[in-house]
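**Q**
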Amino acid sequence: MIHLFRNSGFDIVLDVNSAAVHLVDEMTARVLRILLDRKDTYGSEELAEPELAREVAEELDQDPELIAEILGELSELTAVGRLFSKDPYEALVPKVMDNKTVVKALCLNIAHDCNLACRYCFAEEGEYHGRRGLMSAETGKKALDFLVRASGSRRNLEVDFFGGEPLLAFDAIKEIVAYGRELEKKHDKLFRFTMTTNGVLLNREVEEFANREMANVVLSLDGRKEVNDRMRPFRGGQGSYDLIVPKLQSMARARDGKQYYLRGTFTSQNLDFVKDIEHFYDLGFRELSMEPVVTDDPQFMITEDNIAQIKDEYDRLVQLMREKKDAGDPFRFFHFMIDLDGGPCVYKRMSGCGAGTEYLAVTPWGELYPCHQFVGQEEFLLGNVEDGITNDEVSRRFKSVNLYTKDACRSCFAKFCCGGGCMANAYQSSGRIDGDYEIGCELERKRVECAIALKAFGSEEG
Amino acid sequence: MKHIKTLNDKTLNMTVKKGGCGECQTSCQSACKTSCTVGNQECENKKR
Ligand code: SF4
Ligand code: SF4
Ligand code: SF4
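So, in structure tokens, the structure goes:
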């Protein structure tokens, strides 16, 4: 399977199965379009047939020698497995499925409570379809014990402090992290702690702690003041922007090269979200992420009708990134990052996000759920930190989903970049964890195209 | 080649042999928590 697309003035070909990316000239793009109109795939000998060159040349009204030359190059790439390459991976599926599942990452919902009342919050202002509560240090420690037990020989373990707002339980966080450091030595593990915060409670002490202990800090802000304050008010209704922006800026500065992300959410109310990203940039942030909202609230949800506009915004974002880079002060956008020469192995790319298998969420009371977005939905309760996973049925269901079990993914050019999408989104839109969320897919495909196009710019300079 | 410029050297099939160790970060933990993209994750297998 190949995908031919145009972005930012480039004609680009992605050979899906080999992940080879080719920049082609305009005539080659026209030739490929004719070929793809006829059928999906070609062999190298077939492409070298003089008869094919004659036919295509005639159709394009071009010099047959030129067309033969182009087809010759296409044939060469095909012969070395970088164009029209076959899918050799499906045979690996049983291997991926049979692997004994080890848990390597936990989302600790340390606080089911929040000091903000964001209007799209899937955690329902921290309540997660349930009651408010903070996790005790004791439960947190049990969660780490569980992780050490369930992780087998896996050495790198991840623990994210999430909420609600995790800093409402800062004292417990400190105790849990200290306990984790003890476990590391005892069991030869490495804990990578991270935290997602709305910034309200950031202060010098938290900064110092985070810089010492946290591999990544995700800071939430939605963009321009009016956008942020509409979506992220305090419980009393007043906006949060003025209070949190200086704190977030201070935290980002304090990271001093250590990883952080400033993360925003866009809704149908700010489809011009590149303005918000530009605002982040103007505030001094350089590591950015901006996500479509997950909600079924008709006031904010992204619909079919918004897609064209969002795609245009992503193109605008590519231009903005180019401009800033040319001006010598670039920024990164999480969803446009792609490593064409490295990046994850095919096993990771086909096994999806890991929710319910290698990644679990823990409630303040120690219950285990497949991921933070399933928390509180009783039918997905997996077990608890003391007894481990007891609901094998749910666990099996999550494990059985991979790139090759979803028809839409099989034929999707973005599959090895996407990995099969978000099961929580799929569940919300289709009622099945292996269902489709077509809007999410459309946007993911566009982001993949933009990410590749940015590399094309890079190659022109090099 | 005159008409085509290939942007990468490695291909995905090269990862079949040595991949799958599982030491890398879980996708959803890294920045967003509402979606999944694996293409932007880093491999942590030094032997690959
Ligand atoms: S660390 Fe690399 S080789 Fe190991 S599973 Fe992750 S992507 Fe694959
Ligand atoms: S974009 Fe959609 S169809 Fe394509 S791989 Fe991702 S989830 Fe599957
Ligand atoms: S189901 Fe969605 S939200 Fe949950 S871990 Fe997977 S990608 Fe993340």
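If you read the protein sequences in the order shown, they are chains A and B. Each step along the first sequence adds one to the number in the numbering used here, with nothing skipped, and position 378 is 414. Each step along the second sequence adds one to the number in the numbering used here, with nothing skipped, and position 26 is 28. Even for Gly, the Cβ is constructed at its ideal location relative to N, Cα and C.
Pick out the complete alpha helix (DSSP H) segments inside the stretch 42-76 of chain A, 4 residues or longer, and give them in chain order.
**A** If you keep only unbroken alpha helix (DSSP H) runs of at least 4 residues inside the stretch 42-76 of chain A, you get 62-74.
**Q** Checking 9 Å against the spacing of the C-beta atoms, do A:F449 and A:L439 come in under that value?
**A** Taking the first sequence and counting its residues from 1, the one referred to as residue 449 of chain A is at position 413. Taking the first sequence and counting its residues from 1, the one referred to as residue 439 of chain A is at position 403. Contact flag unset, no.
**Q** Where does the unbroken beta strand (DSSP E) through A:Y296 begin, and where does it stop?
**A** Counted from its first residue, the first sequence places residue 296 of chain A at position 260. Where A:Y296 is concerned, the enclosing beta strand (DSSP E) stretches over 295-302.
**Q** Taking Cβ positions, are B:T8 and A:C389 nearer each other than 9 Å?
**A** As a first step, residue 8 of chain B must be located in the second sequence, where it is residue number 6. As a first step, residue 389 of chain A must be located in the first sequence, where it is residue number 353. It is not a contact, given that the beta carbons lie outside the stated cut-off.
**Q** Start and end of the alpha helix (DSSP H) containing A:D375?
**A** If you number the first sequence from 1, residue 375 of chain A lands on position 339. Note, A:D375: premise wrong, no alpha helix (DSSP H); not H, not E.
**Q** Following a CB-centred definition, is A:H315 positioned closer than 8 Å to any heavy atom of ligand 3?
**A** Along the first sequence, one-based indexing puts residue 315 of chain A at 279. Outside the cutoff, so no.
**Q** Give the straight-line distance between the Cα atoms of A:L279 and A:R432, rounded to the nearest whole angstrom.
**A** Position 243 of the first sequence, counted from the first residue, corresponds to residue 279 of chain A. Position 396 of the first sequence, counted from the first residue, corresponds to residue 432 of chain A. Each residue's alpha carbon lies about 45 Å from the other.
**Q** Going by beta-carbon coordinates alone, are A:P124 and B:V18 separated by less than 9 Å?
**A** As a first step, residue 124 of chain A must be located in the first sequence, where it is residue number 88. As a first step, residue 18 of chain B must be located in the second sequence, where it is residue number 16. Going by C-beta atoms, A:P124 is nearer than 9 Å to B:V18.
**Q** Out of B:K48, B:N15, B:N42, B:E46, point me to the one whose CA is closest to A:E480's CA.
**A** The sequence position of residue 480 of chain A within the first sequence is 444, counting from 1. It is B:N42.
**Q** Note down, in chain order, each residue of its chain lying with its Cβ closer than 6 Å to the Cβ of A:Q413, except the 5 sequence neighbours on either side.
**A** Position 377 of the first sequence, counting from 1, holds the residue named residue 413 of chain A. Around A:Q413, the same chain offers no residue with a beta carbon nearer than 6 Å, after the five sequence neighbours per side are excluded.
**Q** Is the stretch 226-241 of chain A close to the stretch 199-207 of chain A, with three or more CB pairs under 8 Å?
**A** Pairwise C-beta distances place the stretch 226-241 of chain A in contact with the stretch 199-207 of chain A, as three or more of them are shorter than 8 Å.
**Q** Taking A:Q285 as the reference, give the member of A:E359, A:D97, A:R299, A:N342 with the closest Cα.
**A** For this step, residue 285 of chain A is matched to residue 249 along the first sequence. The closest CA to that of A:Q285, considering only A:E359, A:D97, A:R299, A:N342, is found on A:R299.
**Q** Among the residues of its own chain, which have a CB less than 6 Å from the CB of A:I425, if the five just before and after it don't count?
**A** Taking the first residue of the first sequence as position 1, residue 425 of chain A is located at position 389. Cβ within range, chain order: L418, G419, S431.
**Q** With distances taken between CB atoms, is the gap from A:Q409 to A:V329 smaller than 9 Å?
**A** Here residue 409 of chain A refers to the residue found at position 373 when the first sequence is read from its first residue. Here residue 329 of chain A refers to the residue found at position 293 when the first sequence is read from its first residue. No, the pair does not count as a contact, with Cβ atoms beyond the cut-off.
**Q** Less than 9 Å between the C-beta atoms of A:V263 and A:Y296, yes or no?
**A** Residue mapping note: residue 263 of chain A aligns to position 227 of the first sequence, counting from 1. Residue mapping note: residue 296 of chain A aligns to position 260 of the first sequence, counting from 1. No, the Cβ-Cβ distance between A:V263 and A:Y296 is not below 9 Å.
**Q** Kindly examine ligand 2 and report whether one of its heavy atoms sits closer than 8 Å to the Cβ of A:C445.
**A** Here residue 445 of chain A refers to the residue found at position 409 when the first sequence is read from its first residue. For ligand 2, at least one heavy atom lies less than 8 Å from the Cβ of A:C445.
**Q** Please confirm whether A:F416 and A:P400 have their CB atoms less than 9 Å apart.
**A** For this step, residue 416 of chain A is matched to residue 380 along the first sequence. For this step, residue 400 of chain A is matched to residue 364 along the first sequence. No.
**Q** Name the chain A residues that come within less than 9 Å of B:K4, Cβ to Cβ?
**A** In the second sequence, the residue the question calls residue 4 of chain B occupies position 2. Chain A residues near B:K4: D61, E105, I106, E109.
**Q** Which residues, taken in chain order from the stretch 5-16 of chain B, show a beta carbon closer than 8 Å to some beta carbon of chain A?
**A** H5, I6, K7, T8, L9, N10, D11, K12, T13, L14, N15
**Q** Any heavy atom of ligand 1 closer than 8 Å to the Cβ of B:T39?
**A** On the second sequence, position 37 is the one that residue 39 of chain B refers to. Not under cutoff, so the answer is no.
**Q** Is the Cβ of A:F370 closer than 9 Å to any Cβ of chain B?
**A** For the purposes of this step, residue 370 of chain A is taken as the residue at position 334 of the first sequence. Taking Cβ atoms only, chain B reaches closer than 9 Å to A:F370, which makes this a yes.
**Q** Taking the alpha carbon of A:N151 as the point to measure from, which residue in A:K140, A:A141, A:E163, A:G117 has its own alpha carbon closest?
**A** The residue given as residue 151 of chain A occupies position 115 in the first sequence. Selected option, being the one with the closest Cα: A:E163.
**Q** Out of A:Y473, A:R228, A:K131, A:G259, point me to the one whose CA is closest to A:D443's CA.
**A** Translated into the one-based positions of the first sequence, residue 443 of chain A becomes position 407. Per the Cα distances, A:Y473.
**Q** Three or more C-beta pairs under 8 Å: does that hold for the stretch 350-363 of chain A against the stretch 39-52 of chain A?
**A** A contact exists between the stretch 350-363 of chain A and the stretch 39-52 of chain A.
**Q** If you reduce the DSSP assignment to three classes, tell me which class A:A328 lands in.
**A** Residue 328 of chain A sits at position 292 when you count from the first residue of the first sequence. First, the amino acid is wrong: residue 328 of chain A is Pro here, not Ala. Of the three classes helix, strand and coil, the one that applies to A:P328 here is strand, per DSSP.
**Q** Here's the rule: buried if 16 or more other CB atoms are within 10 angstroms of the residue's CB, otherwise exposed. What is B:K35?
**A** Here residue 35 of chain B refers to the residue found at position 33 of the second sequence. Its Cβ being crowded by 16 or more others within 10 Å, B:K35 is buried.
**Q** So does A:G188 have its beta carbon nearer than 8 Å to some heavy atom of ligand 1?
**A** As a working mapping, residue 188 of chain A is identified with position 152 in the first sequence. No, the Cβ of A:G188 stays beyond 8 Å of every heavy atom of ligand 1.
**Q** Among the residues of its own chain, which have a CB less than 6 Å from the CB of A:A56, if the five just before and after it don't count?
**A** As a working note, residue 56 of chain A is residue 20 in the first sequence. Excluding positions up to five away in sequence, the list reads R118.
**Q** In angstroms, rounded to a whole number, what distance separates the CA positions of A:F321 and A:A251?
**A** Indexing the first sequence from 1 puts residue 321 of chain A at position 285. Indexing the first sequence from 1 puts residue 251 of chain A at position 215. Their Cα atoms are separated by approximately 18 Å.
**Q** Going by DSSP, what residue range makes up the alpha helix (DSSP H) through A:F206?
**A** By 1-based counting over the first sequence, the position of residue 206 of chain A is 170. A:F206 -> alpha helix (DSSP H) spans 206-223.
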